[in-house]
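Reading through the structure tokens given below for one structure.
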């Protein structure tokens, strides 16, 4: 599919014409982080091949012979591979992209046979799970836009085109919490009774706890009529804040095509929620009736919508969806005020925070925090209330960093950085702590990364790389144990638990970005890389990268070529989507080779390292790395000055000129 002209990068950004620098500083003692980073790439290459061998079939589908008896399940099949093309983009194996595409195709056929998809898209489910499912597609679009654009635009049309039944432009609402490719799939479940699991009831409580007991009660939760009619009528219609994550799907289509209609839809839909947030005093409501009125199905309550403030996860789901949408709107318009609806909601929770040991908190997710907090489970620390119902705020959890870090990474503003500093100051746990835990989001170490970028923890790179190794090796042992399991429906999460592709450390250290927002976000990054010789995305073999600063005035990265005999050429890209401009570069140099010594010298002296500057005005910078050399680049970036694009410096526009 041809790209819109908005995707074309000016000729000054091509490898042939973009500024070029060459590393001249010799690599004598390879830094530990560089050796550990390349060792991690090698381990990851072994690990994904092992998972593929033990858990998937020849056509890419997962080894699963059962049925799916509820609407749940699509995300659990796609999530397994969500970061495989991300690893390719970081510099993973050449054949990893083809493997990722094969698994998307195989799983899509598999889920179609199971009755879960129509025209390759979810028939109808909530966006907490749809956002998880679509991360794999988004990274495939990023890695191979020409092959994936048709699907991506077709999927976005399900929301942008009102005739598809998902969007009402008159009231600016997505028409139901469960939405997708099948407009006939209404409500929240099939049948008459909500498929309530006892563990859900124990963990999250009842979502409509303010409704009087049903006539003839009490009933066990599994048979209470309210779980059918009441949930269908009050929670199964109208819009919910969770649907904001659909903006990520439409943003992906806009980046691919440049068509104004996708930008206009994002602006129209997110504007509606921004206005509702302002009317609510800065706290985003979680439900809107089909009439476009907040609370019209819930007797005026701003809370209580599906996957909203009351049930089941509160801020964990609402905050992520709102952030995905706000970032999308800010990206297509350049107006960062869209982020205010997230920031004011977050600040409301911070104002209501309490310092306590997690053992005394009313958290609904204690198992998550046992792993992440470790021995600090008993340390008093700041907890925020994640949920709200008629009784007020409840469900206190440690302040999770993905959303405030995403805000700060986008804006680079003092206000967003100051919020993180306040959270750090209020935390009873040292943000430099790194623990090897497994979160399905492949994230959770943002606090320690922030401390590193603040200059407080120079040892972080090696510790986070070691933690990543530990997780991969742990998951390889899980594959040993469960690789032959005939997976029952209740245990389909085992694939996620065994996915050995751990990318958080590489994303932070090489791209200078946080891990992607898991419920449907698009990647954030200060830098990306292309292998000039192989003409593909990612770091070349033997090359390691470490971003130590992401301040606009000094985005700093060190590149190291560990190969003793092979020269490499890296093209540095400003931003995940070449959306930033490199306005200048300062880099390290070594003026001469006097450090080698004379003919009969047994030792060497220290190389004399200086710095020089080069002009630059574009999204790309070519860096030549002779064997056993290193270079530190200090890049002055102008953030978000260019239209986001999936094009690479190797693409040829329709007029035949090089980009």
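Numbering (my numbering), first residue to last: 1 to 659. All residues carry an ideal CB built from backbone N, CA and C; glycine is no exception.
(request) Just grab the DSSP bridge partners of residue 377 for me. (result) None, per the DSSP bridge assignment.
(request) Would you decide whether residue 648 is buried or exposed? Buried here means 16 or more other CB atoms lie within 10 Å of its CB. (result) buried
(message) Once DSSP output is grouped into helix, strand and coil, what is the label at residue 56?
(response) strand
(request) Pick helix, strand or coil for residue 579, following the three-state DSSP scheme. (result) coil
(message) For residue 19 and residue 98, I'd like the C-alpha separation in whole angstroms.
(response) Taken atom to atom, the span from the alpha-carbon of residue 19 to that of residue 98 is near 32 Å.
(message) Less than 7 Å between the C-beta atoms of residue 561 and residue 533, yes or no?
(response) No, the Cβ-Cβ distance between residue 561 and residue 533 is not below 7 Å.
(message) Suppose you measure from the CA of residue 413 to the CA of residue 169; what does that come to, to the nearest Å?
(response) Between residue 413 and residue 169, the C-alpha separation is close to 34 Å.
(message) Please identify the residue among 565, 510 and 613 whose C-alpha is closest to the C-alpha of residue 36.
(response) 510
(request) State the DSSP-derived secondary structure class of residue 398, mapped to helix, strand or coil. (result) strand
(request) Only counting runs of 3 or more residues, tell me where the beta strand (DSSP E) segments fall wholly within the segment 295-377, in order along the chain. (result) 354-356
(message) For residue 156 and residue 138, what's the separation of their Cα atoms in angstroms?
(response) The alpha-carbon of residue 156 is positioned some 12 Å away from that of residue 138.
(request) Identify which residue in 55, 335 and 470 has its Cα closest to the Cα of residue 271. (result) 335
(message) On a Cα-Cα basis, can you pick out the residue from 84, 326 and 507 that is closest to residue 103?
(response) Nearest of 84, 326 and 507 to residue 103, Cα basis: 84.
(message) Quick check: residue 317 and residue 307, are their CB atoms within less than 7 Å of each other?
(response) For residue 317 and residue 307, yes; Cβs fall inside 7 Å.
(message) Checking 7 Å against the spacing of the C-beta atoms, do residue 707 and residue 588 come in under that value?
(response) With the chain represented from 1 up to 659, any question about residue 707 goes unanswered, as that position is not in the structure.
(request) From the DSSP output, read off the bridge partner residues of residue 573. (result) 528 and 620.
(request) With DSSP as the reference, please indicate the residues paired to residue 545 in a beta bridge. (result) 559
(request) Specify the secondary structure class of residue 149 as computed by DSSP and reduced to three states. (result) helix
(request) Return the CA-CA distance between residue 524 and residue 330, expressed in angstroms with no decimal places. (result) 13 Å
(message) Applying the 10 Å Cβ sphere with the 16-neighbour rule, what's the burial state of residue 387?
(response) buried
(request) Would you mind giving the Cβ-Cβ distance between residue 66 and residue 357, rounded to the nearest angstrom? I have them listed as a contact below 8 Å. (result) In this structure residue 66 does not touch residue 357 by the C-beta definition: roughly 42 Å separates them, more than the 8 Å allowed.
(request) Determine the contact status of residue 382 and residue 426, defining contact as a CB-CB distance below 7 Å. (result) Cβ distance < 7 Å, so residue 382 and residue 426 count as in contact.
(message) For residue 662, report the span of its beta strand (DSSP E) as first-last.
(response) Past the edges of the chain, shown from 1 to 659, lies residue 662, and the structure says nothing about it.
(request) Closer than 6 Å by C-beta to residue 592: which residues in its own chain qualify, once you throw out the five before and the five after it? Chain order, please. (result) none
(message) Within the continuous alpha helix (DSSP H) that includes residue 203, where are the two ends?
(response) 198-204
(message) From the DSSP secondary-structure annotation, give me the bridge partner or partners of residue 44.
(response) DSSP, once it has assigned bridges, lists no residue as partnering residue 44.
(message) On the CB-based measure, 16 or more other CB atoms within 10 Å of its CB, does residue 477 come out buried or exposed?
(response) exposed
(message) Per DSSP, what are the beta-bridge partners of residue 630 in this structure?
(response) 25 and 560
(request) Determine the burial state of residue 247: buried for a count of at least 16 other Cβ atoms within 10 Å of its Cβ, exposed for fewer. (result) buried
(message) Please state the DSSP three-state secondary structure of residue 78.
(response) Three-state DSSP puts residue 78 in a helix.
(request) Pull up the distance between the alpha-carbon of residue 238 and that of residue 62, whole angstroms please. (result) Residue 238 and residue 62: Cα-Cα distance of roughly 35 Å.
(request) Consult DSSP for residue 243 and reduce its assignment to one of helix, strand or coil. (result) helix
(message) Just verifying my parser: in three-state terms, what is the DSSP assignment at residue 647?
(response) If DSSP states are grouped into helix, strand and coil, residue 647 belongs with coil.
(request) Can you tell me the Cβ-Cβ gap for residue 571 and residue 622, rounded? I've got them flagged as a contact below 8 Å. (result) 5 Å
(request) Pull up the DSSP beta-bridge partners for residue 393, would you. (result) In the DSSP output, where bridge partners are listed per residue, residue 393 has 388.
(message) If I measure Cβ to Cβ from residue 395 and keep anything under 7 Å in the same chain, skipping five residues before and after, which residues do I get?
(response) 314, 362, 363, 364, 385, 386 and 387
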